[in-house]
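For reference, the structure discussed in these notes is given below.
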Amino acid sequence: MNLITNYPYISTIIIILILNFIIKKITRAKHSPLLKAFLFIMAIISQACSPFAGPVDKSISDSYYYSKSKNNICYSPMGNWFELGNTKINADVESFKVLGRDFGKDKNHLYFKTHIIDNEVDVSTFYVHKDNYICFDKDHVYLAVNYLPQDIQEESQGKKHLWKIAKANPNTFQKIDNDWSKDDKFYFYNYQPVNVDYNSFTIINSNFVKDKNNVYSLKSYKLLASTIDPATTKKINNRYIADKNNIYDFQEYQNGKMVDSLISIPYQNINNLTVLKDKFLLFDNKVVYDGVKIENADPASFEIIQFPYSKDKNNVFYHGDIIEKADPNTFSIFKTSFYSKDKNHVFVYGKLLKDADVATFGPVNKKHSLLYKDKNHTYRGDQIVENN
1 MNLITNYPYI STIIIILILN FIIKKITRAK HSPLLKAFLF IMAIISQACS PFAGPVDKSI
61 SDSYYYSKSK NNICYSPMGN WFELGNTKIN ADVESFKVLG RDFGKDKNHL YFKTHIIDNE
121 VDVSTFYVHK DNYICFDKDH VYLAVNYLPQ DIQEESQGKK HLWKIAKANP NTFQKIDNDW
181 SKDDKFYFYN YQPVNVDYNS FTIINSNFVK DKNNVYSLKS YKLLASTIDP ATTKKINNRY
241 IADKNNIYDF QEYQNGKMVD SLISIPYQNI NNLTVLKDKF LLFDNKVVYD GVKIENADPA
301 SFEIIQFPYS KDKNNVFYHG DIIEKADPNT FSIFKTSFYS KDKNHVFVYG KLLKDADVAT
361 FGPVNKKHSL LYKDKNHTYR GDQIVENN
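So the sequence shown is numbered by the UniProt record's numbering: it starts at 1 and just counts up by one.
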């Protein structure tokens, strides 16, 4: 009784959940009507507790609100005041208007979130692009510092809130995609100008770009010049390119380590080149995975089962490595896909799971489970966690 008296909201929720469980059991329904009632009550409680009277202009921003009394402007990221906070801004309520998701202004100041940024831009000509991230004034193009990658944030200009995009012309600057933008004189890679021949510059794919002088590999925020022939370079897909001599793949990371590896794969004829799932290349009677030839793979019968599993008429492969003892004709994959089996064996992460009984091996329960068992053991990954 003390619980009900002292904590009426919590008590109501507990009672509704108990009744909901009972009704579901009796009616065998997937959803009880009380669930809708519960959600409705929670919505009312949430609205009653909200510190806001409403958004300033929800068509532009979901982060600027009028306070409950309508005497203050508040900034709350995405309106999630409960988790992300609610900060009052010393702004003039009558003249305040939102310019973008995180930008606003009144008759006195320009704001980024809760910060006054009058000293960072030309206030009279400042505006926010429709994508809410790029900003302009008559002289410069800007990006909010906390929208930048962490390593660039650390190099940003002092304690300012906006990062000035070097050499960008506000009259001609435009986004090309998530990584690239340009103006009338420069291309910008992740908002930094790059030293390329403007008139001949071409974005090939997500790994390579070129101009008349060079082909460049795309490292995060940098262009790495290569010896690839720009005159004969052509796109294979969004990952690979080829010139007159080789197929190329650029891998900035391998096994979690930065390697900046430009892989070249010689070819004789790529007219019949086949690309599978952006991972496998089939040409010149060989199969290449992640830039490395798979030894003993038969390209004529090679197929992807379910990545990272593939097979040919002789073998089954896991990330390009042969799964020893796996029979390609009876091989199958469990719902938890790091487990697989054939008629004789169970495999985990492409390796033989020793002593596992294939006839009784399966998930501990019918729903998705990371625990599997056979008649002898219970397994988590390649570890035995319990003897049955």
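Even glycine gets a Cβ: it sits at the ideal position worked out from N, Cα and C.
For residue i, three-class secondary structure by DSSP
| i | result |
| --- | --- |
| Ser-369 | coil |
| Asn-90 | coil |
| Asn-146 | helix |
| Phe-250 | strand |
| Ile-14 | helix |
| Leu-353 | coil |
| Lys-375 | coil |
| Ser-337 | coil |
| Ser-332 | strand |
| Pro-166 | According to the sequence displayed, residue 166 carries Ala and not Pro. Coil at Ala-166, not helix or strand. |
| Ala-326 | coil |
| Thr-202 | strand |
Contacting residues, own chain, Cβ-Cβ under 7 Å from residue i (five flanking each side not counted)
| i | result |
| --- | --- |
| Lys-235 | Ile-204, Asn-205 and Ile-241 |
| Met-258 | Glu-252 |
| Ile-323 | Val-316, Phe-317, Phe-347 and Gly-350 |
| Lys-313 | Asp-298, Ser-301 and Pro-328 |
| Gly-320 | Tyr-289, Asp-290, Val-292 and Ile-294 |
Own chain residues within Cβ distance below 6 Å of residue i, not counting five before or after
| i | result |
| --- | --- |
| Asn-2 | Annotation note: pLDDT 49 at Asn-2 (below 50); position unreliable, coordinate value reported separately. Counting only Cβ-Cβ distances below 6 Å, and skipping sequence neighbours, we find nothing. |
| Lys-160 | Glu-120 |
| Cys-74 | Tyr-65, Ser-67, Asn-86 and Lys-88 |
| Thr-172 | Asp-183 and Asp-184 |
| Asp-249 | Tyr-240, Ile-263 and Gly-291 |
| Ser-72 | According to the sequence shown, residue 72 is Asn rather than Ser. The answer, listed in chain order, is Lys-88. |
For residue i, the nearest candidate out of the options (CA to CA)
| i | options | result |
| --- | --- | --- |
| Lys-367 | Thr-336, Val-292 and Thr-125 | Thr-336 |
| Lys-138 | Leu-148, Asp-131 and Val-123 | Val-123 |
| Asn-146 | His-115, Phe-250, Ala-225 and Lys-185 | His-115 |
| Ile-270 | Asn-245, Ile-176, Gly-291 and Glu-94 | Asn-245 |
| Pro-149 | Trp-163, Phe-208 and Lys-311 | Trp-163 |
| Lys-212 | Leu-218, Leu-223, Lys-222 and Val-196 | Val-196 |
| Ile-305 | Leu-218, Tyr-127 and Thr-330 | Thr-330 |
| Leu-84 | Tyr-216, Ile-228 and Lys-113 | Lys-113 |
| Lys-325 | Glu-303, Phe-334 and Leu-353 | Leu-353 |
| residue 436 | Ser-95, Gly-104, Tyr-191 and Leu-99 | It is not possible to answer for residue 436, since the shown part of the chain is limited to 1 through 388. |
| Lys-222 | Leu-143, Leu-281, Asn-285 and Tyr-189 | Tyr-189 |
Close Cβ partners of residue i (< 8 Å) along its chain, the five nearest in sequence each way excluded
| i | result |
| --- | --- |
| Phe-307 | Lys-277 and Lys-279 |
| Asp-62 | Pro-55, Met-78, Gly-79 and Arg-101 |
| Ile-384 | His-377 and Thr-378 |
- Item | the region 194-211 touching the region 164-174, judged by at least three CB pairs closer than 8 Å | When C-beta atoms of the region 194-211 are compared with those of the region 164-174, fewer than three pairs fall below 8 Å, so the two segments do not count as touching.
- Query: With contact counted as at least three CB pairs below 8 Å, one residue from each stretch, are the region 333-344 and the region 353-366 in contact?
  - Reply: yes
- Message: Is it the case that the region 118-135 contacts the region 81-95, given that we only count it when at least three CB pairs across the two stretches are under 8 Å?
- Response: no
- Is there contact between the region 295-306 and the region 262-269, where contact requires at least three CB pairs shorter than 8 Å? no
- Item | Start-end ranges of the alpha helix (DSSP H) lying completely within the region 56-131, minimum 4 residues | 81-84
- Item | Contiguous alpha helix (DSSP H) assignments of at least 4 residues, all confined to the region 210-247 | none
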